[in-house]
């Protein structure tokens, strides 16, 4: 798994590539935590390079969303989600908890 | 049969073995992903629950293809795991109010047609998961 970050004026962009599993999900959680600890709660997660995500990774997304939504207009928006990953989100009923958009440009434009 | 140390860093290698075997068995990309997810969740559970921590044993993984099915056998030497102890996941409450965890066995049962846990001789658990090549509709 690799994570890259970019801070925009109105939101933070996080791009994750590879596998998010029990081994790697704590690193993704740390990235979200660093952003919210810094007082920023508008995050775009670009999933275009995400190949696999297990339940451990899905809970990292839920926890980040929970943290962001505590703050006014705070939110994690998911961009470019592969059908298979969307299928996992759907199976466990996580879809309504996230806005999912086509790509990072659309996601960044939401903020 | 391939043996891996029971650590989270082994997950990618175990999944790679299973992904290749499932592809050779003729499953499509989406089906291979569902099988991979079941195996990843199963192995994470073995490390967390059968062994209770990383680095306390091994996971042996074997893939067996027949004309109409594909089986994955995962064997550990941890404590015997009883799936009956695991509560059904909460799929109904608002997501932000759900208790974290509990989705591993759910994903295993969704991705595979049969999931059997049996105690090994001596110690540990043998987990057999079977996916039919022509899946019955759930």
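Chains as they are written, first to last, in this note's numbering: chain A, 8 to 118; chain B, 153 to 290. Ideal Cβ placement from N, Cα and C applies to all residues, glycine included. Just so it is clear, the structure is predicted and the values come from calculations on it, not from any experiment.
Alpha-carbon to alpha-carbon, residue 10 of chain A and residue 181 of chain B: Indexing the second chain from 1 puts residue 181 of chain B at position 29. Indexing the first chain from 1 puts residue 10 of chain A at position 3. Distance between the alpha carbons of residue 181 of chain B and residue 10 of chain A is about 25 Å.
Taking a Cβ distance cut-off of 9 Å, strictly less, list which residues of the segment 250–272 of chain B are near chain A, in chain order. Answer in chain order: 250, 252, 253, 254, 255, 256, 258, 259 and 262.
Say whether chain A places a C-beta atom closer than 9 Å to the C-beta of residue 196 of chain B. Reading the second chain from its first residue, position 44 is the one you call residue 196 of chain B. Yes, residue 196 of chain B counts as interfacial toward chain A.
Roughly how far, in whole angstroms, is the beta-carbon of residue 71 of chain A from the beta-carbon of residue 113 of chain A, given that I think they are within contact range, below 8 Å? In the first chain, residue 71 of chain A corresponds to position 64, counting from 1. In the first chain, residue 113 of chain A corresponds to position 106, counting from 1. Incorrect: roughly 19 Å between the Cβ atoms, too far for contact.
Straight-line CA distance for residue 236 of chain B to residue 269 of chain B? In the second chain, counting from the first residue as 1, residue 236 of chain B sits at position 84. In the second chain, counting from the first residue as 1, residue 269 of chain B sits at position 117. About 10 Å.
Hey, residue 205 of chain B and residue 263 of chain B: beta-carbon distance below 9 Å or not? Mapped onto the second chain, residue 205 of chain B falls at position 53. Mapped onto the second chain, residue 263 of chain B falls at position 111. No; because the gap between Cβ atoms is not below 9 Å, this pair is not in contact.
Comparing the C-beta of residue 241 of chain B with each C-beta of chain A, is any distance below 9 Å? Numbered from its first residue, the second chain carries residue 241 of chain B at position 89. So, interface residue.
Can you name the residues of chain B whose CB is closer than 7 Å to the CB of residue 97 of chain A? Start at 1 with the first residue of the first chain, and residue 97 of chain A comes out as number 90. Within 7 Å Cβ-Cβ: nothing; residue 97 of chain A doesn't reach chain B, min ~11 Å.
Should residue 243 of chain B and residue 100 of chain A be called a contact, given that it needs their Cβ atoms to be closer than 9 Å? Residue mapping note: residue 243 of chain B aligns to position 91 of the second chain, counting from 1. Residue mapping note: residue 100 of chain A aligns to position 93 of the first chain, counting from 1. Yes, they are a contact pair.
Can you tell which of A:107, A:89 and A:16 has its C-alpha closest to the C-alpha of residue 55 of chain A? On the first chain, position 48 is the one that residue 55 of chain A refers to. Per the Cα distances, A:89.
Using CA coordinates, which residue listed in B:177, B:221, B:258 and B:249 is at the minimum distance from residue 197 of chain B? Within the second chain, numbered from 1, the residue matching residue 197 of chain B stands at position 45. When C-alpha distances from residue 197 of chain B are compared across B:177, B:221, B:258 and B:249, the shortest belongs to B:258.
In whole angstroms, give me the CA-to-CA distance for residue 271 of chain B and residue 229 of chain B. Here residue 271 of chain B refers to the residue found at position 119 of the second chain. Here residue 229 of chain B refers to the residue found at position 77 of the second chain. Cα-Cα distance, rounded: 10 Å.
Under the three-state DSSP convention, the category residue 208 of chain B falls into: By one-based count along the second chain, residue 208 of chain B stands at place 56. Three-state result, residue 208 of chain B: coil.
If you drop the 5 nearest sequence neighbours on each side, which residues of the same chain put their C-beta closer than 6 Å to that of residue 106 of chain A? Along the first chain, one-based indexing puts residue 106 of chain A at 99. Excluding residues within five positions, the ones whose Cβ falls inside 6 Å are 84.
Of all the alpha helix (DSSP H) runs that stay within the bounds of the segment 167–238 of chain B, which reach a length of 4 or more residues? Whole alpha helix (DSSP H) segments, 4+ residues: 181–197.
Output the distance between the C-alpha atoms of residue 24 of chain A and residue 12 of chain A, rounded to the nearest integer angstrom. Looking up residue 24 of chain A in the first chain gives position 17. Looking up residue 12 of chain A in the first chain gives position 5. Between residue 24 of chain A and residue 12 of chain A, the C-alpha separation is close to 12 Å.
Chain A partners of residue 188 of chain B, CB-CB under 7 Å? For the purposes of this step, residue 188 of chain B is taken as the residue at position 36 of the second chain. Chain A residues near residue 188 of chain B: 59.
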